[in-house]
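In this note's numbering, the protein residues as written are 603 to 996.
Note sheet for the following structure.
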């Protein structure tokens, strides 16, 4: 599916849709470079006090525990769960700063009418980091963790918590307001090509180049242009199988272990859901079921369907499979809500033998399942599913 050759205008030219799968390729209504710049800059600035100031404070039996945004992640690392700590630290702290700092720099430069060398590759990286920078996902985890704590303990939100709330909301508004194609055109406009000439399209910035530019860097964003992603099916298959293997320990082993009056009480994903329903937090319970159970299973089943479809050269339900792929690629990040909940909840429950919580093996396995399925959807090339229709017309 070549985007640039398959677009048709709709809704008074405010939406450009793919002619084959009808997926919206460009949506202009409600998008603004100025609004995106303001929101991205605000997000970047607010992330600093959000990380440095107190997030939540909990009181119990005269004792008090306060946490920062990174407290739970640091605790996981000190307990020996280094892979989990690195993943959550990158997704929740480091990459949001990198993404929104880079995005504010690109949009601010274009706003004043300037360009600098490397602006295209920098904007490409901010787009790529969109899926991996997760302040919004971390915020939902903090909400669930705070709701669980306040059911039994007295807690208060600190200045860092309010800053993080605003920063996460502004990050979501940035995603909604950003018109990527308008930014790409401001970086470098498209050049007209001879009619009937074979072309190749960049999968990031959608710039159309002559077909002989295959395996060469895109002149606008710097990505190496390829007709199809290299070894997309084998790599997606290997990553999906690895995620499938880790699904068992992720669901069978506990995510956390609580110490209550000197006794260890393990909590698996389903135990956490049951506890949320038991204390009356059923909306959060439904959310965890969706993000931690339904979405991971749907991702694995969907990826299996896509891979088998390519191997069998099936031409059935291509439009449905393409839309499902888009949903899987977009929603995969939200499965991290459960592990971010642990990061928000764990450092607050540290009252010795009376009440304490520590991370368990299931959390690392689950985080790896989410990570591997996200990478699998990224390395897979959905255009390969449409190649069978192209071959049948030759």
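Backbone N, C-alpha and C fix where the C-beta goes; we use that ideal spot for every residue, glycine too.
* Whole-number beta carbon distance between residue 948 and residue 849, since they are thought to touch under 8 Å -> Rounded, the Cβ-Cβ distance is 23 Å, inconsistent with contact.
* How should residue 615 be labelled, buried or exposed, when 16 other C-beta atoms within 10 angstroms of its C-beta is the threshold for buried? -> With a pLDDT of only 48 at residue 615, under the threshold of 50, the placement of this residue in the model should not be trusted, and no figure is reported.
* Over the uninterrupted beta strand (DSSP E) stretch that includes residue 811, give me the two end residues. => Boundaries of the beta strand (DSSP E) around residue 811: 810-812.
* Asked: Just the Cα atoms here: how many angstroms apart are residue 903 and residue 917?
  -> Rounded to whole angstroms, residue 903 and residue 917 show a C-alpha spacing of 18 Å.
* Asked: What are the uninterrupted segments assigned as alpha helix (DSSP H) that are 4 or more residues long and contained completely in the segment 917-974, given in chain order?
  -> 920-933, 939-947, all fully within the segment 917-974.
* Under three-state DSSP, which class holds residue 659? -> Reduced to three states, the DSSP call for residue 659 is strand.
* **residue 939 vs residue 979 beta-carbon contact at 9 Å** => No, the Cβ-Cβ distance between residue 939 and residue 979 is not below 9 Å.
* To do: Can you grab the Cα-Cα spacing for the pair residue 726 / residue 820, in whole Å?
  => Distance between the alpha carbons of residue 726 and residue 820: 11 Å.
* Report the residue ranges of all alpha helix (DSSP H) runs contained in full by the segment 746-816; include only those spanning at least 4 residues, in chain order. => Inside the segment 746-816, DSSP marks whole alpha helix (DSSP H) runs of 4 or more residues at positions 761-779, 782-789, from first to last along the chain.
* Taking the alpha-carbon positions, what's the residue 861 to residue 868 distance? -> Each residue's Cα considered, the two are about 9 Å apart.
* To do: Assign residue 739 to one of two classes, buried (16 or more other C-beta atoms within 10 Å of its C-beta) or exposed (fewer than that).
  => So residue 739 counts as buried.
* To do: Tell me where the alpha helix (DSSP H) around residue 869 begins and ends.
  => Residue 869 -> not in any alpha helix (DSSP H); beta strand (DSSP E) instead, spanning 865-869.
* Asked: How far does the alpha helix (DSSP H) with residue 673 in it reach, from first residue to last?
  -> It spans 673-680 - the alpha helix (DSSP H) in which residue 673 sits, taken as one unbroken run.
* With 16 other CB atoms within 10 Å as the buried threshold, where does residue 684 fall? -> By the neighbour-count rule (16 or more Cβ atoms within 10 Å), residue 684 is not buried but exposed.
* Asked: Within 10 angstroms of its Cβ, does residue 988 collect 16 or more other Cβ (buried), or is it exposed?
  -> Residue 988 should be labelled buried.
* Asked: Applying the criterion that 16 or more other CB atoms from any shown protein chain within 10 Å of the CB defines a buried residue, is residue 665 buried or exposed?
  -> Per the 10 Å Cβ criterion, exposed.
* Asked: How is the beta strand (DSSP E) around residue 665 delimited, first residue to last?
  -> From DSSP, the beta strand (DSSP E) with residue 665 extends over 665-669.
* Asked: Are the beta-carbon atoms of residue 655 and residue 743 separated by less than 9 Å?
  -> No Cβ-Cβ contact shorter than 9 Å links residue 655 with residue 743.
* **Coil, strand or helix - residue 728 by DSSP** => For residue 728, the three-state secondary structure derived from DSSP is helix.
* Runs of beta strand (DSSP E) lying entirely within the segment 829-863, each at least 3 residues, in chain order -> 858-862, all fully within the segment 829-863.
* Beta-ladder partner(s) of residue 823, from DSSP -> Bridge partners of residue 823: none, in fact.
* Who pairs with residue 626 in a beta bridge, going by DSSP? -> Partner(s): 619.
* With respect to the alpha helix (DSSP H) encompassing residue 904, which residues constitute its N-terminal and C-terminal limits? -> Start and end: 897-914.
* In the DSSP assignment, find the unbroken alpha helix (DSSP H) run with residue 599 in it and report its ends. => No statement about residue 599 is possible, as the shown extent of the chain runs from 603 to 996 and does not include it.
* So, using beta-carbon positions, are residue 898 and residue 971 closer together than 9 Å? -> Closer than 9 Å, so yes.
* **Burial state of residue 754 (16 or more Cβ within 10 Å)** => Per the 10 Å Cβ criterion, exposed.
* **Contact under 9 Å by Cβ, residue 636 with residue 713** => In contact: residue 636 and residue 713 (Cβ atoms closer than 9 Å).
* Can you name, in chain order, every residue of its own chain whose Cβ lies under 6 Å from the Cβ of residue 984, other than the five neighbours on each side? -> Only residues of its own chain outside the window of five on either side were considered, and among them 924, 927 have a CB closer than 6 Å to the CB of residue 984, listed in chain order.
* **For residue 733 and residue 935, believed in contact at Cβ under 8 Å, the rounded distance** => Between residue 733 and residue 935 the Cβ distance is about 6 Å, and since that is below 8 Å, they are a contact.
* Asked: Is residue 643 near residue 657, with beta carbons less than 9 Å apart?
  -> The answer is no: Cβ separation not under 9 Å.
* To do: Indicate the three-state DSSP secondary structure (helix, strand or coil) for residue 980 in the structure shown.
  => Helix, per DSSP.
* Leaving out the 5 sequence neighbours to the left and right, which residues in its chain are closer than 8 Å to residue 745 when beta-carbon positions are compared? -> Correct list, in chain order: 886.
* Asked: What is the rounded straight-line gap between the Cα of residue 855 and the Cα of residue 681?
  -> Each residue's alpha carbon lies about 17 Å from the other.
* Asked: Run through DSSP, which three-state label would residue 720 get?
  -> Residue state, collapsed to three classes: coil.
* **Chain-order list of residues whose beta-carbon lies under 6 Å from that of residue 704 (same chain, five-residue window excluded)** => Correct list, in chain order: 724, 728.
* On the three-state DSSP scale, how would you describe residue 714? -> Coil, per DSSP.
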